[in-house]
Amino acid sequence: MDVVDRGAFFRKRIPKLCKYSDIFKQLPEDSWVGVVTTFNSLKIHTRVKIMKTGEIREGNSTLCVGSVPATLAPLNIGRDLYCIKQNGRSLAGNFVGKLDQVQIYRRALESWETDRVLAGEVNIRT
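Under the numbering used here, read the sequence shown as residues -2 to 123, first letter to last.
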(Lines of atoms letter the chains of each structure in order from A and count residues from 1; the text may use other names and numbers.)
(Lines give C-alpha, C1' and ligand atoms only; values in the text may rest on other atoms or scores of the structure.)
Protein backbone atom coordinates (compact mmCIF):
# COMPACT_ATOMS: atom_id res chain seq x y z
CA MET A 1 0.00 0.00 0.00
CA ASP A 2 1.19 3.52 -0.59
CA VAL A 3 0.12 7.03 0.18
CA VAL A 4 1.25 9.36 -2.60
CA ASP A 5 0.98 13.04 -3.54
CA ARG A 6 0.85 14.37 0.04
CA GLY A 7 -1.75 11.78 0.95
CA ALA A 8 -4.04 12.46 -2.00
CA PHE A 9 -4.39 8.80 -2.92
CA PHE A 10 -4.32 5.54 -1.05
CA ARG A 11 -3.30 2.70 -3.30
CA LYS A 12 -3.17 -1.00 -2.69
CA ARG A 13 -2.25 -3.25 -5.55
CA ILE A 14 -2.56 -7.00 -5.65
CA PRO A 15 -1.03 -8.14 -8.71
CA LYS A 16 -1.38 -5.06 -10.89
CA LEU A 17 -4.98 -4.35 -9.84
CA CYS A 18 -5.10 -0.75 -8.73
CA LYS A 19 -7.97 1.44 -7.55
CA TYR A 20 -7.93 4.73 -5.69
CA SER A 21 -9.63 6.33 -2.70
CA ASP A 22 -9.60 10.07 -2.00
CA ILE A 23 -10.14 9.78 1.78
CA PHE A 24 -6.68 11.29 2.36
CA LYS A 25 -7.09 14.40 0.17
CA GLN A 26 -7.35 17.01 2.93
CA LEU A 27 -4.50 15.84 5.16
CA PRO A 28 -1.95 18.43 6.28
CA GLU A 29 1.68 18.29 5.20
CA ASP A 30 4.44 17.65 7.73
CA SER A 31 2.11 16.21 10.39
CA TRP A 32 1.69 12.76 11.85
CA VAL A 33 -1.63 11.18 10.91
CA GLY A 34 -2.92 7.85 12.20
CA VAL A 35 -3.97 5.51 9.39
CA VAL A 36 -5.53 2.05 9.68
CA THR A 37 -6.51 0.01 6.66
CA THR A 38 -7.96 -3.48 6.53
CA PHE A 39 -8.23 -5.90 3.64
CA ASN A 40 -10.50 -8.93 3.58
CA SER A 41 -10.24 -11.05 0.44
CA LEU A 42 -13.79 -12.33 0.95
CA LYS A 43 -15.31 -8.84 0.72
CA ILE A 44 -15.24 -6.39 -2.15
CA HIS A 45 -14.78 -3.33 0.03
CA THR A 46 -11.65 -2.42 1.95
CA ARG A 47 -12.05 -0.28 5.07
CA VAL A 48 -9.84 2.77 5.55
CA LYS A 49 -9.80 4.88 8.73
CA ILE A 50 -7.73 7.93 9.48
CA MET A 51 -7.23 9.88 12.70
CA LYS A 52 -6.91 13.61 12.10
CA THR A 53 -6.79 15.94 15.09
CA GLY A 54 -8.55 13.41 17.29
CA GLU A 55 -11.41 12.77 14.86
CA ILE A 56 -11.80 9.37 13.19
CA ARG A 57 -12.96 9.48 9.58
CA GLU A 58 -13.91 6.23 7.91
CA GLY A 59 -14.28 5.38 4.25
CA ASN A 60 -14.91 2.29 2.20
CA SER A 61 -13.15 1.83 -1.10
CA THR A 62 -13.24 -0.90 -3.67
CA LEU A 63 -9.49 -1.19 -3.72
CA CYS A 64 -8.98 -4.80 -4.67
CA VAL A 65 -10.64 -8.15 -4.77
CA GLY A 66 -8.97 -11.51 -4.33
CA SER A 67 -6.50 -13.06 -1.98
CA VAL A 68 -3.03 -11.89 -1.10
CA PRO A 69 -0.70 -14.54 -2.53
CA ALA A 70 1.55 -16.41 -0.11
CA THR A 71 5.19 -15.67 -0.83
CA LEU A 72 8.64 -15.94 0.68
CA ALA A 73 9.62 -12.62 -0.92
CA PRO A 74 10.48 -9.70 1.37
CA LEU A 75 7.66 -7.39 2.44
CA ASN A 76 8.10 -3.84 1.12
CA ILE A 77 6.01 -1.07 2.66
CA GLY A 78 5.86 2.19 0.74
CA ARG A 79 7.73 0.91 -2.29
CA ASP A 80 6.14 0.94 -5.72
CA LEU A 81 7.21 -1.91 -7.96
CA TYR A 82 5.23 -0.89 -11.03
CA CYS A 83 5.01 2.31 -13.04
CA ILE A 84 1.45 3.56 -13.42
CA LYS A 85 0.28 6.79 -15.02
CA GLN A 86 -2.90 8.64 -14.20
CA ASN A 87 -3.92 11.80 -16.04
CA GLY A 88 -0.51 11.89 -17.70
CA ARG A 89 1.56 11.90 -14.51
CA SER A 90 3.52 9.07 -13.01
CA LEU A 91 2.39 7.64 -9.70
CA ALA A 92 5.48 5.45 -9.48
CA GLY A 93 8.04 5.92 -6.79
CA ASN A 94 8.63 5.29 -3.16
CA PHE A 95 6.65 6.77 -0.28
CA VAL A 96 8.27 10.01 0.89
CA GLY A 97 7.79 10.39 4.62
CA LYS A 98 8.14 8.38 7.79
CA LEU A 99 6.27 5.32 8.97
CA ASP A 100 6.05 4.52 12.68
CA GLN A 101 4.34 1.78 14.66
CA VAL A 102 3.47 -0.46 11.71
CA GLN A 103 1.35 -3.45 12.75
CA ILE A 104 0.41 -6.37 10.49
CA TYR A 105 -2.13 -9.02 11.50
CA ARG A 106 -3.09 -12.40 10.06
CA ARG A 107 -6.69 -11.33 9.54
CA ALA A 108 -8.67 -8.16 8.85
CA LEU A 109 -9.38 -6.40 12.15
CA GLU A 110 -12.96 -5.54 13.06
CA SER A 111 -14.01 -1.89 13.20
CA TRP A 112 -13.84 -1.76 17.02
CA GLU A 113 -10.31 -3.22 16.87
CA THR A 114 -9.11 -0.59 14.39
CA ASP A 115 -10.49 2.09 16.73
CA ARG A 116 -8.27 0.64 19.48
CA VAL A 117 -5.24 0.77 17.16
CA LEU A 118 -5.94 4.44 16.36
CA ALA A 119 -6.23 5.08 20.11
CA GLY A 120 -2.65 3.86 20.48
CA GLU A 121 -3.01 0.22 21.50
CA VAL A 122 -0.48 -2.24 20.14
CA ASN A 123 -0.54 -6.01 19.81
CA ILE A 124 -4.29 -6.45 19.49
CA ARG A 125 -4.96 -10.15 20.20
CA THR A 126 -6.20 -11.90 17.09
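The beta-carbon is built from N, C-alpha and C at its ideal position, and this holds for glycine as well.
Computed from a predicted structure; not experimentally measured.
> Ends of the beta strand (DSSP E) at Val114?
Replying inline: For the purposes of this step, residue 114 is taken as the residue at position 117 of the sequence shown. Segment 108 to 115 is the alpha helix (DSSP H) holding Val114; no beta strand (DSSP E) there.
> Span of the beta strand (DSSP E) holding Thr68?
Replying inline: Residue 68 sits at position 71 when you count from the first residue of the sequence shown. It is not in any beta strand (DSSP E) - Thr68 carries neither H nor E in the DSSP assignment.
> From what residue to what residue does the beta strand (DSSP E) around Val32 run?
Replying inline: Locating residue 32 in the sequence shown gives position 35, counting from the first residue. Where Val32 is concerned, the enclosing beta strand (DSSP E) stretches over 31 to 35.
> Around the Cβ of Val32, are there at least 16 other Cβ atoms within 10 angstroms (buried) or fewer (exposed)?
Replying inline: As a working mapping, residue 32 is identified with position 35 in the sequence shown. So Val32 ends up on the buried side.
> Within the 8 Å Cβ cut-off, does Ser28 reach chain C?
Replying inline: Absent from the structure is chain C; it holds one protein chain and no more.
>> Comparing C-alpha positions only, which one of Arg122, Gln100, Lys95, Ala70 sits nearest to Ser28?
In response: Stepping through the sequence shown from its first residue, residue 28 is reached at position 31. The shortest Cα separation from Ser28 among Arg122, Gln100, Lys95, Ala70 belongs to Lys95.
> In chain order, what residues of the same chain lie with their CB nearer than 7 Å to the CB of Arg113, ignoring the 5 residues before and after it?
Replying inline: Here residue 113 corresponds to residue number 116 of the sequence shown, with the count starting at 1. The residues are Ile121.
> Between Thr35 and Ala116, is the Cβ-Cβ spacing less than 8 Å?
Replying inline: Locating residue 35 in the sequence shown gives position 38, where the first residue counts as 1. Locating residue 116 in the sequence shown gives position 119, where the first residue counts as 1. Result no, Cβ atoms of Thr35 and Ala116 do not sit closer than 8 Å.
> Rounded to a whole number of angstroms, what is the C-alpha to C-alpha distance between Leu72 and Trp109?
Replying inline: Translated into the one-based positions of the sequence shown, residue 72 becomes position 75. Translated into the one-based positions of the sequence shown, residue 109 becomes position 112. Each residue's alpha carbon lies about 27 Å from the other.
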